[in-house]
Amino acid sequence: MPYTNPIIPGFHPDPSICRVGEDYYLVTSSFEYFPGVPIFHSKDLVNWRQIGHCLNTEEQLPLAHAGSSGGIYAPTIRYHDGWFYMATTNVSGVGNFYVRSNQPAGPWSDPIPVAQQGIDPSLLFDEDGRVYFQSTCSGHEGEGIYQCEIDISTGSLLTESRLIWRGTGGAYPEAPHLYKINGLYYLMIAEGGTEYGHMVTIARSGDPYGPYDPCPHNPILSHRSLKSSIHATGHADLVQAHDGSWWAVFLGIRPVSYPMKHHLGRETFLAPVSWSDDGWPMIGHGGRVESVMDSPPFAEVRWPLKADRDDFDDPTLGLDWTFLRNPAPGSWSLSERPGHLVLRGTKTSLDDAGAPAFVGRRLAHFSCSMAAALDFEPAEEGEEAGLTVFMNERHHYDLAVRFREGRKAIVFRRTVGSLRTESAQECAPGPVVLQIEARPDTLVFTVRQDSAPDLEAGSGETHLLSTEVAGGFTGVFAAMYAVSETGERTPACFDWFDYVPNRA
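The opening residue of the sequence shown carries number 916 in the working numbering; numbering runs sequentially from there.
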């Protein structure tokens, strides 16, 4: 039976995977969004459900100093002797660290720092009890993959950091993962940068510190210069399934326009791994992957479909929802008005590299419908609440209720770099329904109030929110937000939020 890539759509880059029995766990990077490092569970490698986050507290993940595309970079998840370990980098804080838990859904420990520099940390638990820590950095021996041995209980370095491989000559050797397979150490990395020249290469040695001999078939995964709907494949991790077969998860992008631009972000893909007669892995079909591929040869286990509507009746937010950096105290509540998400705006706006009152979810489909019911009666100039399609503080489209020039108004705003357009229409008292229709190349914003016909407020092109235009490493979010330029903080009460994918 075939499966469809990506297996986790939307902004879910830098995947890492581990297996425990017949259960699979996967993590992805989260950058400036909080909670950090979403963790997913699967029984068949194809169907995944989120079960939590690895970094749930501000003490674990301080993001006050995280700019756009700062914060948490690529994670690694490993399982050893009854414990899960997740290693990552807060580039806006402590640097490299890991947390651990005996339950994948958490709670996870406080961060355990590791003094080795760089990004993209990984762990190998060797059979003799040694634990090797790898990362990407430009150290005293030049740019490449560095390794040391650590005390897993404390994070202390037991050896000096040593350069173990520079890669095959591609730019930015990064994303190391070290495996011990049939007595040999295989070091797999990414090269070429996480753009259209991205690729995966591998080398092996009889010693964890090398020297490493590169695979004669490198790169073992790349979509450079291919005519494909999938591009920029790289940053892979390997897993041996419970039936003995091998698989790889990796990131890729799906551009939707010409020239190519992608706005959903880097997504998580899956492909089978075959082994050559001389003992080298190859991902996909000769290093290429497809949107539709043959499923693993074991039973499919599907999870229940998520409800299209979140009515905010639960005492906690669903796992889909995230904040932009650590939320300000008092900026949101599910208990202030039961059955509603209440946001109280601060002076921090969507244009600031701070923590606005913002609760969002990843846009995971090119075509979908989104809507939210909002009860908000602003009383002071500059009070605003609504929906945003958000890439970063310089690239977002907003549909909002705002107190503007002495009256309540519906405002539609496009912010693209230094360019901004804004239109306003009168809004009657009472609740409104704000709606967004997403298409591959366009976002259409409308408003419904009482029994009046839908009012089209505006539209915007998706490519202006793309990585190629906006820069950075994230993807587009759809979010509820509130702003108060005066600090008045009138409550913005969201009764429900709909996210309906076009599953055709």
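Just so you know, even glycine gets a beta-carbon here, dropped at the ideal spot from N, CA and C. Note that the coordinates shown come from a computational prediction; the quantities given were computed from them, not determined experimentally.
Spatial distance of residue i from residue j (CA atoms)
| i | j | result |
| --- | --- | --- |
| arginine 1309 | leucine 1380 | 9 Å |
| asparagine 1017 | glycine 997 | 6 Å |
| serine 1248 | glycine 985 | 26 Å |
| proline 1253 | leucine 1302 | 21 Å |
| valine 1204 | cysteine 969 | 29 Å |
| phenylalanine 1012 | serine 1160 | 31 Å |
| serine 1338 | tryptophan 1023 | 46 Å |
| valine 1257 | alanine 1407 | 6 Å |
| threonine 1083 | leucine 1093 | 16 Å |
| arginine 1328 | phenylalanine 1388 | 24 Å |
| glycine 1044 | glycine 982 | 39 Å |
| phenylalanine 1420 | arginine 1276 | Past the edges of the chain, shown from 916 to 1419, lies residue 1420, and the structure says nothing about it. |
| glycine 1125 | serine 1076 | 13 Å |
| alanine 1353 | leucine 1278 | 9 Å |
| glycine 1201 | leucine 1136 | 8 Å |
| asparagine 1417 | arginine 1217 | 19 Å |
| glutamate 1341 | serine 1366 | 16 Å |
| valine 1347 | valine 1274 | 18 Å |
| threonine 1237 | isoleucine 932 | 22 Å |
| arginine 1404 | valine 1331 | 27 Å |
| leucine 1370 | valine 1362 | 5 Å |
Buried or exposed by the 16-neighbour rule on C-beta atoms within 10 Å, applied to residue i
| i | result |
| --- | --- |
| proline 921 | buried |
| glutamate 1128 | The sequence given here has aspartate at residue 1128, not glutamate. By the neighbour-count rule (16 or more Cβ atoms within 10 Å), aspartate 1128 is not buried but exposed. |
| aspartate 929 | buried |
| proline 924 | buried |
| tyrosine 1173 | exposed |
| alanine 1105 | buried |
| proline 1091 | buried |
| tryptophan 963 | buried |
| alanine 1002 | buried |
Backbone secondary structure at residue i - three-state DSSP
| i | result |
| --- | --- |
| valine 1384 | helix |
| leucine 1234 | coil |
| histidine 1311 | strand |
| leucine 1370 | strand |
| leucine 1073 | coil |
| threonine 1389 | coil |
| threonine 1401 | coil |
| leucine 1078 | strand |
| threonine 1083 | coil |
| histidine 1378 | helix |
| asparagine 1017 | coil |
| methionine 1395 | strand |
| aspartate 1035 | strand |
| glutamate 974 | coil |
| glycine 1275 | strand |
| tryptophan 1411 | strand |
| aspartate 1192 | coil |
| phenylalanine 1184 | strand |
| threonine 943 | coil |
| threonine 1116 | strand |
Limits of the unbroken beta strand (DSSP E) element including residue i
| i | result |
| --- | --- |
| tyrosine 1127 | Tyrosine 1127 -> no beta strand (DSSP E), and no H or E assigned at all. |
| serine 931 | 931-935 |
| alanine 1283 | Here the sequence assigns cysteine to residue 1283, which means alanine is not the residue at that position. Per DSSP, cysteine 1283 belongs to the beta strand (DSSP E) from 1283-1290. |
| isoleucine 1351 | 1347-1353 |
| tryptophan 1161 | 1161-1168 |
| tyrosine 1000 | 998-1005 |
| threonine 1336 | 1334-1341 |
| glycine 1054 | 1046-1054 |
| proline 1062 | Before going further, note that residue 1062 is glutamine rather than proline in the sequence given. 1057-1064 is the extent of the beta strand (DSSP E) around glutamine 1062. |
| histidine 927 | No beta strand (DSSP E) holds histidine 927; DSSP gives it neither H nor E. |
| arginine 1203 | Unbroken run through arginine 1203: none, as it is neither H nor E. |
| histidine 995 | 991-995 |
| serine 1210 | Here serine 1210 belongs to no beta strand (DSSP E), and DSSP marks it neither H nor E. |
| leucine 1099 | 1099-1106 |
| glutamate 1089 | 1089-1096 |
| aspartate 1152 | 1146-1155 |
Whether residue i touches residue j by CB criterion (7 Å)
| i | j | result |
| --- | --- | --- |
| phenylalanine 926 | glycine 1297 | no |
| leucine 1078 | glutamate 1056 | yes |
| serine 944 | tyrosine 988 | yes |
| leucine 1286 | glutamine 1350 | Note that residue 1286 is alanine in the sequence shown here, rather than leucine. Yes. Within cutoff. |
| valine 961 | tyrosine 918 | yes |
| valine 1171 | proline 1036 | no |
| alanine 1163 | alanine 1186 | yes |
| glycine 1059 | arginine 1081 | yes |
| tyrosine 1312 | glycine 1260 | no |
| lysine 1176 | histidine 1378 | yes |
| proline 977 | glycine 1021 | no |
| valine 942 | proline 1019 | no |
Contact with chain C by residue i, beta-carbon distance below 7 Å
| i | result |
| --- | --- |
| glycine 1387 | No chain C is present in this structure, which holds just one protein chain. |
The ligand SAM heavy atom lying under 6 Å from the CB of residue i
| i | result |
| --- | --- |
| serine 1160 | Among the components of this structure there are no ligands whatsoever, and the ligand SAM is therefore not found. |
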